Amino acid sequence: MLLQSALGTTPALAAAKQQLRQQMKQRLASLPADAVAEQSAAVFRALVRFPPFVDARRVAVFLSMPAAEVQTDAIVRHALAAGKQVFVPYLHKPGPNLLRAGTETGTGTDSTNPYVPPRVMDMVQLHDAADYEALARDRWGIPSVAPSSVHTRCRVLGDGDESGSGSGSGSASASSPAAPLSLDLILLPGVAFDVDPATRRVHRCGHGRGFYDYFLQRYALKMAASSLSEPSSSSPLRPIQLYGLALTEQLLPAHSVPTDPHDQPLDGLITGDGTVVIPELESQT
């Protein structure tokens with residue numbers, strides 16, 4: 392079940408999103424590989440000069456498919472070489488702890504509240520460039536973290552793997568409420584994006600599985616719980632910044648991306664012509 396549908400998206404809105412995905416799939420499939428490579432290079436050049444990226448200590452970034460989206464290989468390598476802590480997606484089945492917590496907070500997936508996706512996403516840390524290069528590709532051609540290695544890695548959420556690997560020594564700092572592992576910046580993929588002229592936020596249409604929306608929901612709850620448990624902390628958590636990476640063909644006119652209240656808006660977008668779109672700043676000029 393798609394997260395959007397489970398959380399209340401109407402059938403008409405779900406159908407509109409799916410129609411947009413199909414249209415974008417056809418549009419992006421016709422892009423030659425050299426065009427995608429050229430746009431990806433432009434995104435990279437803009438990103439490495441972008442202050443939120445330059446200043447970030449902990450960056451989460453998607454690992455790209457071989458085609459039809461911005462290629463992130465150069466971004467990952469640059470961030471690792473710059474000494475940043477780099478986190479990448481890890482998908483897993485929700486374990487008992489997550490199901491129990493979800494039931495208590497109204498986001499659970501038991502028979503009374505079947506609203507957590509059958510697979511959920513965490514962000515796990517890459518050790519170094521050699522670790523990144525050793526990642527095997529999945530059936531979509533995406534470099535993917537092996538489940539057997541997760542217990543050696545720091546995890547941002549680390550609280551719901553059915554195998555229990557979230558309790559390993561490599562994730563202790565990520566799973567402890569007293570020492571949350573916060574991110575400075577997340578670079579997100581998407582099928583399509585637009586800018587809402589009213590809210591000055593970027594809307595994103597994902598692939599329909601709800602991985603990022605649900606991760607961000609859980610992340611926000613975790614950070615809020617941490618701030619309540621440590622109100623006198625001398626190091627207040629900085630708000631996470633969310634930026635999409637888009638080929639120029641993926642940035643659509645305003646009101647093109649169907650959204651509902653559960654869709655997480657972004658702070659901005661970096662596009663394949665090297666443009667950094669920050670609607671909030673543009674509205675102040």
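The number in the working numbering is simply the position in the sequence shown, starting from 1, with 391 added. No residue lacks a Cβ here, since even glycine has one placed at the ideal position from N, Cα and C. Everything numeric in this text was worked out from a predicted model, so none of it was measured.
Check, Outcome
"Those residues which DSSP pairs with Leu633 across a bridge", "Ile577"
"Pro630 to Gly659 span [Cα, whole Å]", "14 Å"
"Three or more C-beta pairs below 8 Å linking the segment 531-551 and the segment 598-605", "no"
"Delimiting residues of the beta strand (DSSP E) encompassing Arg436", "Where Arg436 is concerned, there is no enclosing beta strand (DSSP E), although the alpha helix (DSSP H) it sits in stretches over Ala424 to Leu438."
"Inter-residue Cα distance where the pair is Glu640 and Leu419", "7 Å"
"Rounded distance between the beta-carbons of Val434 and Val477, thought under 8 Å", "About 17 Å separates the two Cβ atoms, so there is no contact after all."
"Nearest-angstrom Cα separation, counted from Ala583 out to Ala696", "As displayed, the chain neither begins before 392 nor continues past 676, which places residue 696 out of reach and without an answer."
"Where His469 falls: helix, strand or coil (DSSP)", "helix"
"C-beta atoms of Arg510 and Leu482 nearer than 8 Å", "yes"
"Near the ligand ADP: Arg448 beta-carbon under 7 Å from a heavy atom", "Here there are no bound small molecules, and the ligand ADP is not part of this structure."
"Nearest to Ala428 (by Cα), restricted to the options Arg544, Gly532, Glu460 and Gly635", "Glu460"
"Host beta strand (DSSP E) of Arg600 (start-end)", "Where Arg600 is concerned, there is no enclosing beta strand (DSSP E), given that its DSSP letter is neither H nor E."
"Thr543 (DSSP reduced to helix, strand or coil)", "helix"
"Opening and closing residue of the beta strand (DSSP E) in which Pro402 lies", "From DSSP, Pro402 is part of no beta strand (DSSP E) but of the alpha helix (DSSP H) over Pro402 to Ala420."
"The segment 648-658 / the segment 584-597 touching (three or more Cβ pairs under 8 Å)", "yes"
"Residues of its chain near Leu411, where Cβ-Cβ distance is below 8 Å and the 5 sequence neighbours each way are ignored", "Val582, Ala583, Cys596, Ser647, Val648 and Pro649"
"Residue from Leu579, Gly486 and Arg468 with nearest C-alpha to Ala525", "Arg468"
"CB of Phe453 within 8 Å of CB of Pro580, strictly", "yes"
"Pair within 8 Å by beta-carbon distance, Ala637 and Gly599", "no"
"First through last residue of the beta strand (DSSP E) which encompasses Pro443", "First-last for Pro443: Pro442 to Asp446, but that is the alpha helix (DSSP H), not the beta strand (DSSP E)."
"Candidates Val593, Ile533 and Pro480, of which the one nearest Val541 by Cα", "Pro480"
"Boundaries of the beta strand (DSSP E) in which Ala583 is found, first to last residue", "Ala583 to Asp587"
"Best match in Ala615, Ile661 and Lys613 for proximity to Leu633 [C-alpha to C-alpha]", "Ile661"
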